[in-house]
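Sequences listed follow chains R and H, in order.
Mapping the first sequence onto the working numbering, position 74 (from 1) lands on 74, and the numbers just tick up by one.
Mapping the second sequence onto the working numbering, position 220 (from 1) lands on 470, and the numbers just tick up by one.
Backbone N, C-alpha and C fix where the C-beta goes; we use that ideal spot for every residue, glycine too.
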Amino acid sequence: MQINFTNKTVLITGATRGIGKAVADCFFESGATLILTGTQKEEIELLNKRNKSNGVNNIEYVQADFSNQESVDSFLNQLKLYEQIEICVNNAGVNRVNNFTDTSTDDFDWIHNINLKVPYQILSVVGPKMLQQGYGRIVNVASIWSWITRPGRSMYTSSKNALVGLTKTLAVEWASRNVLVNAVSPGFTLTELTKTTNTKEQLIELQNKIPVGRLAEPIEIAKLVAFLCSDLNTYITGQNIIIDGGFTNV
Amino acid sequence: MNISFINKVAIVTGGESGIGKGIAEKLLSLGCLVYTTGVNDKPEWCGQYDKCIYTKVDFLNQDSLDSFINEISQLSKIDILINNAGIQIMHAIDNIETSDWDKVMDVNLKGPMKIMRAVVPVMKSHKEGRILNISSVAGLISKPGQSSYSTTKSGLIGLTRSSALDLATFNILVNALCPGTTQTEMVEKVLNVDQKNAILQNVPMGRFAKVDEIANFAVFLCSEYNSYMTGQTIVVDGGFTAR
Ligand SMILES: NC(=O)c1ccc[n+]([C@@H]2O[C@H](COP(=O)([O-])OP(=O)(O)OC[C@H]3O[C@@H](n4cnc5c(N)ncnc54)[C@H](OP(=O)(O)O)[C@@H]3O)[C@@H](O)[C@H]2O)c1
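Take a look at the structure:
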C-alpha cells in the first residue's frame with residue numbers, strides 16, 4: 001500500500017521548521033511538487049539557492065509573513081498564478097499565552113490573522129482551483145487546544161476552534177466535488193522550538209502528563225497528514241483528528 | 251511511504267464478509283498473517299490466501315467464544331487486533347426483549363472486551379500492539395430503534411478510551427473507527443432503494459463508503475505509520491456527521 005504524490009502540486013505553509021517541515025519532507029519523499037512558505041527572506045533565498053545547486057527543481061520556497069497584509073496580498077497574487085494545486089496544508093500558526101484579562105485587541109488580531117484569516121484567504125484562492133479540477137485534499141493543522149483548553153489560551157483556542165469550524169463547513173460544501181477537508185490536531189510535539197523554549201525539567205514534567213510518556217515527533221504528525229492528503233483517503237472529510245498520545249483522554 | 255505487514259500477525263473478527271473481510275484481505279495482501287472468524291463455515295475468499303486462518307466462532311455462544319479466546323491466547327505473537335464483528339437488532343425502547351438486548355451486548359461489547367483481555371498480555375510481552383475497535387456513526391449519533399446498537403457502539407468508544415490509557419506505556423495503541431453507511435452485502439439486503447436514497451440525501455459525498463475506503467484507514471491506523479494516535483475515535487463517513 002503506497003502513498004505517492006507524483007504529479008501533485010502541494011502547498012504547505014510554515015514549512016521551514018517544526019511540523020510543517022516534517023510534512024514537507026514526507027511529501028517530498030513521495031514525489032510531490034512543493035510550494036513552501038516561511039517568513040524569513042534570507043533563509044528562503046538560501047533554501048531556494050541550495051535546492052537549485054543540488055538540482056532539486058520540485059521545491060519552491062516563498063517568503064510570506066501572515067501578520068503583514070502586504071506580504072499576504074503579494075503571496076495570494078502569486079498563488080493565483082499556479083495552474084493547479086491539488087493539496088493544501090495550512091500549517092503555519094502562532095501562539096501567545098496570556099490570561100484573558102491581559103489580552104489586547106492586538107493579540108486577538110495577530111493570532112486570528114495568522115491562524116484563521118490567512119488560511120481562509122488561501123482557501124479562497126486554492127479552493128476554486130480544486131473545485132474546477134474535481135480533486136482536492138485540504139488539511140488544516142489545528143491543535144488539541146481546538147478540543148480542550150487551559151488558562152491563558154483564549155486567543156489561540158478561539159482561533160483553532162474557528163479553523164475547525166471552517167474545515168467542517170468546507171467539507172460539507174465541497175464533498176460532492178471530491179474536495180476533502182480535514183483538520184489534524186496535534187498534541188505536544190517535540191519541535192526545535194519546543195526544545196528551546198522548555199528546560200529539560202519542564203520537558204520531563206510535560207512528558208509525565210502524556211499517557212504514552214513522550215511528546216510526538218513532528219514526523220509522526222506528518223504521516224497522518226500525508227495519509228489524509230493521499231489517494232488512500234477518498235471518504236474521510238469534515239473530521240478533526242486528534243493525535244496526542246492519549247493526552248485529551250485523561 | 252510504503253505500508254507493509256510482512257512478519258505481522260493480526261486477528262480480525264467477523265471476517266466472513268463486509269468490512270471485516272475487506273480489512274482482512276487488505277492485511278493479507280500486504281503480507282500479514284491473519285486469524286479471522288465468522289459464524290458460518292470457512293468462506294471461499296479465505297481459501298485464496300495461504301496466510302488466512304479461519305475459525306468458526308459464534309459470539310452468542312460463550313463456549314464457542316471462550317474456545318477461540320483460549321486458542322489465540324496461546325499465540326506467541328499478536329501485533330494487531332481488529333474487533334469488527336457486530337450485530338444489530340432494531341427495537342424501540344419500550345419494546346426491547348431482554349434476550350435481544352443481551353445478544354447485542356454480548357456480540358458487540360462483551361466479546362471485544364474478552365478478546366482484548368486475552369490478546370493484551372501477548373502484545374505486552376512484545377511491547378507493541380495496535381487495537382482497532384470498529385464502532386459506528388451510531389456510536390455518536392443515532393436513529394429510532396437503535397438503542398441497543400447505539401449503546402454498544404458508544405460503549406466501544408468508552409472501552410477504547412480507557413484501555414488506551416491502560417496500555418499507553420506499553421506501546422499498544424487503541425483506537426476506534428466509526429464508519430458511515432458502507433456498501434456491504436448487509437446494507438444491500440437490509441435497505442430498499444427509498445431507504446438508501448433517504449440516507450444518501452444526508453451524505454455530503456453523495457454516496458456510501460466502499461469497504462476499501464474503510465479498510466485503507468483501518469490498515470493505516472494499525473501500521474507502523476501510526477505511532478502516536480491512541481484513544482481516538484475517528485469517523486469515516488463522507489461528511490455525514492459534520493452536517
Ligand atoms: N508544536 C506543537 O506542540 C503544536 C501542537 C499543536 C498544534 N501545533 C500547530 O502546528 C502548526 C505548526 O507548529 P510548529 O510547532 O511546527 O511551529 P514552529 O516550529 O514554530 O514553526 C512554525 C512555522 O510557521 C511559520 N510562521 C510563523 N509565524 C508566521 C507568520 N507570521 N506568517 C507566516 N508563517 C509563519 C514559521 O515560519 P518561519 O520559521 O520562517 O518564521 C514556521 O515555518 C501550528 O499551526 C501550531 O499551532 C503545534
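List, in chain order, every chain H residue whose beta-carbon is nearer than 7 angstroms to that of V172 (chain R).
P454, G489, A492, R493
Close beta carbons around A388 (chain H), own chain, < 7 angstroms, minus the five adjacent residues each side:
Q396, Y399, S400, K403
Residue ranges of each alpha helix (DSSP H) within the stretch 276 to 334 of chain H, 4 or longer:
294 to 297, 312 to 323
Since Q78 (chain R) and V62 (chain R) should fall inside the 8 angstroms C-beta cutoff, what is the C-beta to C-beta distance between them, to a whole number of angstroms?
6 angstroms
Is the stretch 82 to 97 of chain R touching the stretch 173 to 180 of chain R in the sense that three or more CB pairs, one from each, lie closer than 8 angstroms?
no
Between T480 (chain H) and chain R, is any beta-carbon pair separated by less than 7 angstroms?
yes
Beta-carbon within less than 8 angstroms of A492 (chain H)'s beta-carbon, same chain only, minus the 5 sequence neighbours each way: which residues are those?
P454
Cβ closer than 7 angstroms: which chain H residues qualify as neighbours of L249 (chain R)?
It should be pointed out that residue 249 (chain R) corresponds to Asn in this sequence rather than to Leu. Here the neighbours are R411, A414, L415, G481.
Give the straight-line distance between the Cα atoms of N7 (chain R) and K52 (chain R), rounded to the nearest whole angstrom.
20 angstroms
Please state if the CB of A459 (chain H) and the CB of T483 (chain H) are separated by a distance shorter than 7 angstroms.
no
Hey, does E220 (chain R) have any beta-carbon neighbour from chain H nearer than 7 angstroms?
yes
Evaluate L123 (chain R) with the Cβ neighbour count: other Cβ atoms within 10 Å of its Cβ, from every protein chain shown; 16 or more gives buried, anything less gives exposed.
buried
Which residues in chain R have a C-beta closer than 7 angstroms to the C-beta of E463 (chain H)? List them in chain order.
T234, Y235
Against chain R, with Cβ distances strictly below 7 angstroms, would F420 (chain H) count as a contact?
no
Confirm, please, whether the CB-CB distance from F66 (chain R) to S30 (chain R) is below 7 angstroms.
no
Report the rounded CA-to-CA distance for I221 (chain R) versus S158 (chain R), giving the unit in angstroms.
22 angstroms
DSSP three-state assignment for Y61 (chain R), whether helix, strand or coil
strand
Contact check, V354 (chain H) vs I339 (chain H), beta carbons under 7 angstroms:
yes
Contact test: I114 (chain R) Cβ vs ligand 3 heavy atom, cutoff 6 angstroms:
Among the ligands present in this structure, namely ligand 1, ligand 3 is not found.
With 7 angstroms as the C-beta to C-beta threshold (strictly closer), list the residues of the stretch 251 to 264 of chain H near chain R in chain order.
M251, N252, I253
Less than 6 angstroms between the CB of Q121 (chain R) and some heavy atom of ligand 1, yes or no?
no
Classify N54 (chain R): buried if its beta carbon has 16 or more other beta carbons within 10 angstroms, exposed otherwise.
exposed
Using DSSP with H/G/I as helix, E/B as strand and the rest coil, what is K460 (chain H)?
strand
Close-in-space but distant-in-sequence residues of the same chain around G264 (chain H) (CB under 6 angstroms, 5 per side omitted):
G270, N334, A335
P211 (chain R) and G246 (chain R) - do their beta-carbons sit closer together than 7 angstroms?
yes
From the DSSP output, in three-state form, read off L215 (chain R) for me.
coil
Mind checking if K21 (chain R) is an interface residue toward chain H, Cβ cutoff 7 angstroms exclusive?
no
N-terminal and C-terminal residue of the beta strand (DSSP E) that I87 (chain R) is part of:
87 to 90
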